[in-house]
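Going line by line, the protein sequences match chains S and V.
Throughout the first sequence, residue numbering follows my numbering, covering 1 to 375 in sequence.
Throughout the second sequence, residue numbering follows my numbering, covering 1001 to 1375 in sequence.
Built from N, CA and C at the ideal position, the CB exists for glycine as well.
Note that the coordinates shown come from a computational prediction; the quantities given were computed from them, not determined experimentally.
There are 2 protein chains.
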Amino acid sequence: MSARPKTAVTIDYESRIEKLKARLRRKKIDAILISRPENRRYLSGYKAPDHGINETSGLLFIPARGCARLLTDFRYQLQAEAETSLSVTLYQKGVIGLLNDLVSQSKAKRFAFESHYTLHSFSLKLSALAEKHKTELVPVTDLVERQRIIKSEEEIKLLRRSTALNEDVFLFIYDRITADMTEIETASAIESRMRQLGAEGPSFSTIVASGENGALPHAVPSEKVIGQHSAVTIDMGLVLDGYCSDMTRNFVVGNPDKTYTKIHRIVRQAQLAGIAAVKPGIQMKDVDRAARKIIADSGHGKYFGHALGHGVGLAVHEAPSLSFRSRRKLKPGMIITVEPGIYIPGWGGVRLENMVVVREDGGELLNNDTTFLDI
Amino acid sequence: MSARPKTAVTIDYESRIEKLKARLRRKKIDAILISRPENRRYLSGYKAPDHGINETSGLLFIPARGCARLLTDFRYQLQAEAETSLSVTLYQKGVIGLLNDLVSQSKAKRFAFESHYTLHSFSLKLSALAEKHKTELVPVTDLVERQRIIKSEEEIKLLRRSTALNEDVFLFIYDRITADMTEIETASAIESRMRQLGAEGPSFSTIVASGENGALPHAVPSEKVIGQHSAVTIDMGLVLDGYCSDMTRNFVVGNPDKTYTKIHRIVRQAQLAGIAAVKPGIQMKDVDRAARKIIADSGHGKYFGHALGHGVGLAVHEAPSLSFRSRRKLKPGMIITVEPGIYIPGWGGVRLENMVVVREDGGELLNNDTTFLDI
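See the structure below:
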């Protein structure tokens, strides 16, 4: 049903793995176990999601020298073989049994695992295994993430496509939303439309918050009817070819009053100031500050409690964080959200969010800017 | 839109917490940090989901003596205060800062955390904190789960309600499914209908697998059109008042051929044999074996690679596991799925799944049995 013509985007998984292996060798790590689903997909093309952190659909075992493998179980074998060119090895008697063999074969002296996506309980089993093989166990936290933080032109193309489809869905709903719809109905219509247009699904649970509910930045859609002349915050994103979009729009069903218009304008000015500050070399906290200053100067500083934005890619929330504490710097190829908000308990809230790619000469918007729909 | 009359079900969160505290005292644990979302909801009533294991929407700090608290951040404050009667404490400067204060105040000598829902990277921070306060850090894996495994009559009522709504959704779709629909369209229609009827959402990503795709037990819906005379596996569940349902149906859009009818009958017989074996005191592996024997005797043993079933409650997959290895025993009040399957690569598959509550005198079906729709 999607009317957008698709040109093929080819991802070179092999060179991603080679790059990781080179980094492993530099760090004198002999093999790594990849457990984080986005990293697994990034390196292998294997798409199966995990059903929670306790139920992995597979792991990658990547030696610094030698062939990477995808480890999975019977249930995922056909999908894995269809989606990745890596060799697929099944664990018949649990993953630890198989890892015992692989660590032994690889003679790894230093064996790394993803500390930030491995449960403490599983790490105890890895420790026992490492002790048995006299291997040093090395927790790592951002090896693959560092590779993912800078997007290639192919990835930017996919993220732009995901964003464009997300906007199509938004405009479809915007044309049809009525004051008698509930928040849940609206969120459900959005997620249905996403799938109809070919998205893998929403990239997070769609937020539809009307009236006072807008004061909760992470509101869960309720059975509340939106109501005439009521403000609505819609925070939505979808997954297309693995890549996420994330966008927030805020508008009134009916006629906005003066307060709403004033708050909306302040947030929009803050957003534009944040986007204008985007350039290579600037510290995250300084981008945050550029937007936050507008809100603070308007007297609403205490109503903006979260960070200005975050990276987006295979995960909807990933590095970098545009936090007011972070001294890390923007680099070309990073993709970030810019999403200031004002949340007033008892009144409601306004948040506006676009995605921006960092280019040599500044920030380039990934969205068609539909922010100004009502103002 | 739901036509089902709802009588209120009151959950006594306070007595759940008191029971846990008594267990902590028996184990000489002075305080515990609860991170697993289902455990958090079970003990507090706070409904916010986590956005992945890296983004908690809150933690419980429960001292063996003294008042339990919900720890969360600014974004969730209003929701938390509305949903739980526990005192809500915000972490302004990260959760570790707050935990430092709480562990110090509580003078805990033994401080427990949920090893099976705590990232290794976070456990390193807890270790440093424990060292600073000369507290022993105690990893636990199933303290709250053991409490959750036996359902109260109120919980059984909620699980039955979730199952009944799930069947309503299934029958709605079953009446409307046509051979020209894609798997994705069908899954999307199912999930929309769930929300329309008042579910919080699906309890897992709905599986719609047609024809050969049925050979993948965890198939992801694709753009494949179902096709005339094609078998369809629909594995679906929803969340209602926090409680999950999980059900698999298998039927043909059009006319089933002889092979399909034969395989379907074998799986159905295996399911009935499994359900008939359910009673207090039987080992999990023996329930599994009762069903597996029928499939093995028919010559399809190698095409049934997964366990017979699993517990269902606030999580869609929880203890116990009806594994062919487990010597643990069924007890009254446990709720399990019974879901044998036959998966033949290149042909397709059949799986049938119902939910069963273990009663003193045997297994009681939670479903209205709609399994026989086509046979």
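Any C-beta of chain V under 8 Å from that of residue 75(S):
Under the Cβ criterion of 8 Å, residue 75(S) is counted among the residues facing chain V.
At what residues does the beta strand (DSSP E) containing residue 1284(V) begin and finish?
No beta strand (DSSP E) holds residue 1284(V); the alpha helix (DSSP H) holding it covers 1284-1297.
Return the CA-CA distance between residue 1196(V) and residue 1166(V), expressed in angstroms with no decimal places.
Roughly 12 Å separates the two Cα atoms.
Check distances from the C-beta atoms of the segment 1137-1169 of chain V to those of chain S and list, in chain order, the residues that come in under 7 Å.
For the segment 1137-1169 of chain V, the set of residues with a beta-carbon nearer than 7 Å to any beta-carbon of chain S comprises 1139, 1141, in chain order.
Presumed contact (8 Å Cβ cut-off) between residue 1120(V) and residue 37(S), rounded CB distance
About 16 Å; that fails the 8 Å criterion.
What three-state label does DSSP hand residue 1109(V) in the structure shown?
Here residue 1109(V) sits in coil by DSSP.
Can you pull the chain S residues whose beta carbon is under 7 Å from the beta carbon of residue 1217(V), in chain order?
Within chain S, the residues near residue 1217(V) are 75.
If you pair each beta-carbon of the segment 1327-1334 of chain V with each one of the segment 1243-1254 of chain V, do three or more pairs fall below 8 Å?
When C-beta atoms of the segment 1327-1334 of chain V are compared with those of the segment 1243-1254 of chain V, fewer than three pairs fall below 8 Å, so the two segments do not count as touching.
Looking at the C-beta of residue 89(S), does it have a partner C-beta in chain V at a distance below 8 Å?
Not flagged as an interface residue toward chain V: residue 89(S), since no C-beta distance is shorter than 8 Å.
Give, in chain order, every unbroken run of the beta strand (DSSP E) that is at least 3 residues long and sits entirely within the segment 1055-1097 of chain V.
Fully enclosed beta strand (DSSP E) runs of 3 or longer: 1059-1063, 1069-1072, 1087-1090.
Between the Cα of residue 210(S) and those of 204(S), 202(S), 192(S), 180(S), spot the shortest distance and give me the residue it belongs to.
Restricting attention to 204(S), 202(S), 192(S), 180(S), the CA atom closest to the CA of residue 210(S) is found in 180(S).
CA-to-CA distance, residue 54(S) to residue 1134(V), given in whole angstroms
A straight line joining the alpha-carbon of residue 1134(V) with that of residue 54(S) spans about 31 Å.
Cβ of residue 1317(V) less than 8 Å from any chain S Cβ?
For residue 1317(V), the answer is yes, since a Cβ of chain S falls inside 8 Å of its Cβ.
Can you tell me where the alpha helix (DSSP H) with residue 40(S) in it begins and where it stops?
For residue 40(S), the uninterrupted alpha helix (DSSP H) segment begins and ends at 37-44.
Pull up the distance between the alpha-carbon of residue 1056(V) and that of residue 1035(V), whole angstroms please.
In a straight line, the C-alpha of residue 1056(V) is about 8 Å away from that of residue 1035(V).
So, is the C-beta of residue 328(S) closer than 8 Å to a C-beta in chain V?
Against chain V, the CB of residue 328(S) has no partner CB under 8 Å away; the residue lies outside that interface.
Would you say residue 412(S) lies against chain V (beta-carbon separation less than 8 Å)?
Residue numbering for chain S in the displayed model covers 1 to 375; residue 412(S) lies beyond these limits and cannot be assessed.
Around the Cβ of residue 1096(V), are there at least 16 other Cβ atoms within 10 angstroms (buried) or fewer (exposed)?
Residue 1096(V) comes out exposed.
If distances are taken between C-alpha atoms only, which option among 278(S), 168(S), 239(S) comes closest to residue 314(S)?
Among 278(S), 168(S), 239(S), the Cα nearest to that of residue 314(S) is on 239(S).
Selection from 73(S), 168(S), 278(S) that minimises the alpha carbon distance to residue 91(S):
Relative to the Cα of residue 91(S), the nearest Cα in the group 73(S), 168(S), 278(S) belongs to 73(S).
Does the segment 1043-1054 of chain V touch the segment 1009-1023 of chain V, meaning 3 or more C-beta pairs lie closer than 8 Å?
Flag = yes, the segment 1009-1023 of chain V and the segment 1043-1054 of chain V touch.
Residues of chain V with CB under 9 Å from residue 117(S), in chain order?
Going along chain V in sequence order, the residues near residue 117(S) (Cβ under 9 Å) are 1053, 1054, 1119, 1120, 1121.
Beta-carbon proximity check, residue 1271(V) vs residue 1291(V), cutoff 8 Å
Closer than 8 Å, so yes.
Pick helix, strand or coil for residue 1115(V), following the three-state DSSP scheme.
Correct three-state label for residue 1115(V): helix.
Coarse secondary structure for residue 1330(V), derived from DSSP in three states
The answer is coil: DSSP assigns residue 1330(V) none of H, G, I, E or B.
Is the Cβ of residue 48(S) closer than 8 Å to any Cβ of chain V?
Residue 48(S) counts as touching chain V.
Alpha carbon to alpha carbon, what distance is there between residue 1207(V) and residue 1235(V)?
Rounded to whole angstroms, residue 1235(V) to residue 1207(V) spans 5 Å at the Cα level.
Under 8 Å between the Cβ atoms of residue 221(S) and residue 184(S)?
Less than 8 Å separates the beta-carbon of residue 221(S) from that of residue 184(S).
Around the C-beta of residue 255(S), are 16 or more other C-beta atoms found within 10 angstroms, so that it is buried, or is it exposed?
It is exposed - the Cβ of residue 255(S) has fewer than 16 other Cβ atoms within 10 Å.
Local Cβ density within 10 Å of residue 1064(V), reported as buried at 16 or more and exposed below that:
Residue burial is scored here from C-beta neighbours: residue 1064(V) has at least 16 other C-beta atoms within 10 angstroms and is therefore classed as buried.
Endpoints, beta strand (DSSP E) assigned at residue 1194(V):
Element bounds for residue 1194(V): not the beta strand (DSSP E) but the alpha helix (DSSP H), 1183-1196.
Report yes if the C-beta distance between residue 1308(V) and residue 1286(V) is below 8 Å; otherwise report no.
No. Outside cutoff.
Taking 8 Å as the CB-CB cut-off, is residue 340(S) touching chain V?
Closer than 8 Å: no.
Could you check what DSSP says for residue 1099(V) in three-state terms: helix, strand or coil?
Looking at residue 1099(V) - three-state DSSP - the assignment turns out to be helix.
Would you please verify whether the beta carbon of residue 3(S) is less than 8 Å from any beta carbon of chain V?
Only weak support exists for where residue 3(S) lies, its pLDDT of 47 falling under 50; the value from the coordinates is given anyway. Not an interface residue.
Under 7 Å between beta-carbons, which chain V residues line up against residue 40(S)? List them in chain order, please.
Going along chain V, no residue has its Cβ under 7 Å from residue 40(S), so there is no contact; the nearest lies around 14 Å.
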